[in-house]
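Visitor: Mapping the sequence shown onto my numbering, position 131 (from 1) lands on 255, and the numbers just tick up by one.
Even for Gly, the Cβ is constructed at its ideal location relative to N, Cα and C.
Provided herewith is a single structure, encoded as structure tokens, for subsequent inquiry.
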Amino acid sequence: MARKHSKDRGGGPTRAIEALTAAGVACTVHEYEHDPAARAFGEETVEKLGIDPTQAFKTLMVRLEPTGEFVVGCVPALAHLSMKLIAKAAGAKSAAMADPAIAQRRTGYVVGGISPLGQTTSHRLFIDSSCLDHETMIVSGGRRGLSVELSPLDLVDLTDAEVTDLAQV
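If you want it as structure tokens, here you go:
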């Protein structure tokens, strides 16, 4: 899949795009005009790009107990991340959503633009197994209104992610 170049809205490539480029991973960049009033960022991505909601994934940070470790989970944009399932996958007793300010500081990305790629601090990554139902998946490209489409296998290889069931049923 060829990388699609479009008008830059944020002053150059993000760390996520740079990581993909450096690794030679084929991807397609999708940009859209982010609505500053939007708070359901995954839903906005699905709507603005007109894509299958099961193909678009949101990136969320959680804190594990009792260790206090922060890990990242990717689930379909319209699904909920199960705290029980991510805790189990990470070998922890429990998990809770990280404070947004902590997530921004640890990843280097603003909430709504957190990418599983190019984070400023390395975190273990868990991706919902439904990603394997698709030839490509879409994740944040590192800012609101910027997404990248790539093979789920490339994302797993590049990030050393664990693929497991994470979406709340």
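Report yes or no: do three or more beta-carbon pairs, one from the region 277-292 and one from the region 225-238, lie closer than 8 Å?
Guide: Verdict: no, contact absent.
Visitor: Pull the bridge partners of H154 from the DSSP assignment, please.
Guide: According to DSSP, which records beta bridges pairwise, H154 is partnered with S271.
Visitor: Go to P276, then tell me how far its alpha helix (DSSP H) extends in each direction, as first and last residue.
Guide: Where P276 is concerned, the enclosing alpha helix (DSSP H) stretches over P276 to T283.
Visitor: Kindly identify the DSSP beta-bridge partner or partners of K182.
Guide: DSSP lists V199 as partners of K182.
Visitor: Using C-beta distances below 6 Å, list every residue in its chain close to A180, excluding the 5 sequence neighbours before and after it, in chain order.
Guide: Same-chain partners within the cutoff: T169, V170, A201 and I262.
Visitor: If you pair each beta-carbon of the region 176-190 with each one of the region 220-232, do three or more pairs fall below 8 Å?
Guide: Because the criterion of three Cβ pairs below 8 Å is met, the region 176-190 and the region 220-232 touch.
Visitor: Just the Cα atoms here: how many angstroms apart are E142 and G148?
Guide: So the alpha carbons of these two residues sit roughly 10 Å apart.
Visitor: To the nearest whole angstrom, what separates the beta carbons of T283 and S239, a pair I think is in contact under 8 Å?
Guide: Not a contact, Cβ separation roughly 10 Å.
Visitor: Please give me, in chain order, every unbroken run of the alpha helix (DSSP H) with length at least 4 that falls completely inside the region 212-243.
Guide: Counting whole runs of 4 or more residues, the region 212-243 contains the alpha helix (DSSP H) stretches 224-231.
Visitor: In the DSSP output, what is R187 paired with across the bridge?
Guide: DSSP lists F194 and A220 as partners of R187.
Visitor: Straight-line CA distance for S254 to A203?
Guide: Rounded to the nearest angstrom, the two C-alpha atoms are 11 Å apart.
Visitor: Using the three-state DSSP reduction, which class does L144 fall into: helix, strand or coil?
Guide: In the structure shown, L144 sits in a helix (DSSP, three-state: H, G or I).
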